[in-house]
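Each remark here refers to the structure printed beneath this line.
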Amino acid sequence: MSKIAFITGGAQGLGLSITEAALDHGYEVAVFDRDAVASDALVTREAARNRKVQAFKGDVADMSAINSALDALGKAPDLLVNNAGIVRFHPLMETTEEIFRSVIDTNLTGAFLVARACAERMIANGSGNIINITSTAGIASSPGVNAYVAAKAGLAALTELMALEWGPLGVRVNAVAPGMIDGGVSTPIYQNNEAARTRRGGAVPARRLGQPEDISAAVMYLASEAASYVHGHQLVVDGGLTRSVMSQLPWTRD
0 MSKIAFITGG
10 AQGLGLSITE
20 AALDHGYEVA
30 VFDRDAVASD
40 ALVTREAARN
50 RKVQAFKGDV
60 ADMSAINSAL
70 DALGKAPDLL
80 VNNAGIVRFH
90 PLMETTEEIF
100 RSVIDTNLTG
110 AFLVARACAE
120 RMIANGSGNI
130 INITSTAGIA
140 SSPGVNAYVA
150 AKAGLAALTE
160 LMALEWGPLG
170 VRVNAVAPGM
180 IDGGVSTPIY
190 QNNEAARTRR
200 GGAVPARRLG
210 QPEDISAAVM
220 YLASEAASYV
230 HGHQLVVDGG
240 LTRSVMSQLP
250 WTRD
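With numbering that gives the first Met the number 0, the residue at position 184 of the sequence shown is 183, and numbering never jumps.
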C-alpha cells in the first residue's frame, strides 16, 4: 500500500513543489488548501499522469475541516508537511490586530492544529513523520513582516516540543527553514523585479536565490529513512545567508 502525504497549502507555490516531489517519491498525496480551483487543477493534471492526488478545501485554522479531511483519508497519513502560510507586509506601527491575528492563525495556530490532529492518528497507528515549514525570518528577524517573523519563530520552538513529546510515541518531527526563495510567499518581492532578484541573489553566499525545488528536496530528505535519527531539527536551506553577516562587513588592515 502506498504511503500517504498530507500537505497543507499543497496546491500552489512552494507547497506545489513539495506535492510534486512527494508524488515523485511514490506517495499518494492529499492536499489541504483554501484554493479549490488550484486544487482541482492539480488533481486533474496528476490523474493524467496516473498519480493519485486527493484535494480537500479548507482553512488550517478550522478544526472541523481538518478532522473532516483526515477522516476521509481512511487511515493515518504517513507524512504531514505543514506548509500553509501567508505573509502580510506592514511595519509594526501599521500592523492592525486583524492583520497580526490572521498571520498567526494561519502560520502558527493552524500549523499546531493540523500537527496535533495528524499526530493523534499517527500515534494510534504507531508511526508518522511531521515536517513543519518555518523560515529564516524566524531566525534573523525581517522588518516589515513582523507577524510572520513571530509565527515562524514560534513554529520552530513548537517543532522541538513536538519532537520531545511525540518522538517517544513513534512520530518524528522536524522543520525546514527556507531562506530567500524565488517563489511561494516571496513571489510579490521578485515578480517582475529582476533588479531585486539580482541584488538579493548576489548577497547570498551561494550567489543565487533559492528555488522551490531546493526546499522540496530538503523535505524529502527529512521524510526519508536516511534521516531516521534526525529529531527536532530545523534544517536551514538558505544558501548560507543567515551565517554570512561577517562576510558583509568591510575588512580593515592596520
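No residue lacks a Cβ here, since even glycine has one placed at the ideal position from N, Cα and C.
- In the displayed model, Q190 falls within coil according to three-state DSSP, outside both helix and strand.
- Using a Cβ distance threshold of 8 Å, I138 and V218 do not count as a contacting pair.
- Inclusion of V175 and T241 in the CB contact set at 8 Å is not warranted, their separation being larger than that value.
- Under a 10 Å Cβ-count criterion, M121 is classified as buried, with 16 or more other Cβ atoms of the shown protein chains found around its own Cβ.
- Relative to the Cα of V80, the nearest Cα in the group D39, A71 and S215 belongs to S215.
- Secondary structure note for N81: it is in no alpha helix (DSSP H), and the uninterrupted beta strand (DSSP E) holding it is L78 to N81.
- In chain order, R171 place their CB closer than 8 Å to the CB of S227, counting only its own chain and leaving out the 5 sequence neighbours on each side.
- In the DSSP assignment, I85 falls outside any alpha helix (DSSP H) and carries neither an H nor an E.
- Counting along the chain, the unbroken alpha helix (DSSP H) around A46 starts and ends at A35 to A46.
- With a threshold of 16 other beta carbon atoms within 10 Å, F31 meets it and is buried.
- Under the three-state reduction of DSSP output, G209 falls in the strand class.
- Contact annotation: I65 and A29 have beta-carbon atoms that are not nearer than 8 Å.
- In the three-state reduction of the DSSP assignment, N124 falls in the helix class, which pools H, G and I.
- When the five nearest sequence neighbours on each side are left out, no beta carbon in the same chain lies closer than 7 Å to the beta carbon of N192.
- Annotated three-state conformation of T94 is coil, per DSSP.
- The C-alpha of L112 lies about 8 Å from the C-alpha of D61.
- By the Cβ criterion, the region 68 to 78 is in contact with the region 42 to 58, since at least three pairs of Cβ atoms, one from each stretch, lie closer than 8 Å.
- As computed with DSSP, I214 is found in no beta bridge at all.
- Exposure of D23 is indicated by the presence of fewer than 16 other C-beta atoms within 10 angstroms of its C-beta.
- Your pair N106 and L154 checks out as a contact, with CB atoms roughly 7 Å apart and the cut at 8 Å.
- V144 carries a strand assignment under DSSP once its states are collapsed to helix, strand and coil.
- For P167, the secondary structure class from DSSP, reduced to helix, strand or coil, is helix.
- A222 and L78 have their C-alpha atoms some 7 Å from each other.
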